[in-house]
Amino acid sequence: MTHQDYLHDLIAQAGERLTTPLDDKDVHELRLTCKRLRAAWQLQRVDLPRQVVKTREETPKTIAKSLEGSREMAVRHAMLGWVMLRVPSGLRPSLARLRATMAAQLDKQPLEADRQALLEAFQGESRQWDDEPLTRKRVRKGLKQTRSKVQRLARRSEKKRDPTLCHRWRKWVKYLTYQQDMRYTVEGKPGKAPRDRLKTLAKRLGRQHDLVNLNAWLKEAGKLDDATRLALGAELDRLAGEQLAKALRQGKKLGWL
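Numbering (the UniProt record's numbering), first residue to last: 1 to 257.
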């Protein structure tokens, strides 16, 4: 198997899923395929101009966006459930009411996907890879570049503690995970960074990001009285800080800090 075979197999499997109506599992797997394809495009940065890579990865990015549906609300709903277990009991009734309202709205928002358009988009993605094959040399050099970038982002995130920067760090941790997965599948070479640590790190950073976003949404949405909103905001800040601290500990274990 070559890296081209791996990528074409991913796209073929996506095409098979699009032959029947999509359920939640299908949507998840299709979005995951898009992430893997975007990660593979980043490996081409060693030889292609950044703008070319950005243009090429636009197809899987657009496909994933079209499959979002009510994902943003679903993430908020799930995060509220996680937060409820970790805040003072006095805040929980307000969160429970918010969560119940979201659940009712989610039930009314099924995903409507144009499967034919998605299939054509994946076919276009397949042609892009035919035009720009991914070689073992590019994978090797690209992985080295990704590891360096992840380490730089880890150090900047530790220094600045900026949520946007931390989210970018997470994105590149995920890219590294998918790139290592591909190389292991194709070449049988395990990644230098243990997958379980990368997964844990990405989970911590993802949770920090979701907590920050939830806090911003609660401030803008006007769903809570001022006292509750302020108290909950302080709790969300605390929880987000804890998640970042745990992420940084993983970064140290990986030798990046």
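Just so it is clear, CB atoms sit at the ideal spot from N, CA and C, and this is done for glycine as well.
Inter-residue distance for Leu248 and Arg155 is about 9 Å (C-alpha atoms, whole angstroms). Under the three-pair Cβ rule at 8 Å, the segment 228–235 counts as touching the segment 88–98. Remark: C-beta atoms of Leu211 and Leu176 do not approach each other more closely than 8 Å. Taking all protein chains in view, the Cβ of Glu57 is crowded by 16 or more other Cβ atoms within 10 Å, so the residue is classified as buried.
The distance from the Cβ of Ala113 to that of Leu67 is about 6 Å, consistent with a contact at the 8 Å cut-off. CA-to-CA, the gap between Thr135 and Arg152 works out to about 26 Å.
No Cβ-Cβ contact shorter than 8 Å links Glu29 with Arg38. Residue Lys192 holds the alpha-carbon nearest to the alpha-carbon of Trp256 among Lys192, Gln208, Ala227.
In this structure, Pro133 sits away from Gln51, with a CB-CB distance that is not shorter than 8 Å. Leaving aside the five residues that flank Trp172 on each side, the residues in its chain whose CB is nearer than 7 Å to its CB run, in chain order, Thr146, Lys149, Val150, Leu153. In the structure shown, Arg86 falls within a coil segment according to DSSP collapsed to helix, strand and coil. Rounded to whole angstroms, Gly69 and Val75 show a C-alpha spacing of 12 Å.
Annotation for Gly142: the continuous alpha helix (DSSP H) segment containing it runs 136–160. Judged by DSSP in its simplified three-state form, Trp256 adopts coil rather than helix or strand. In the structure shown, Pro93 falls within a helical segment according to DSSP collapsed to helix, strand and coil. Between Arg161 and Leu244, the C-beta spacing is below 8 Å.
Going by C-alpha positions, Pro21 is about 43 Å away from Lys253.
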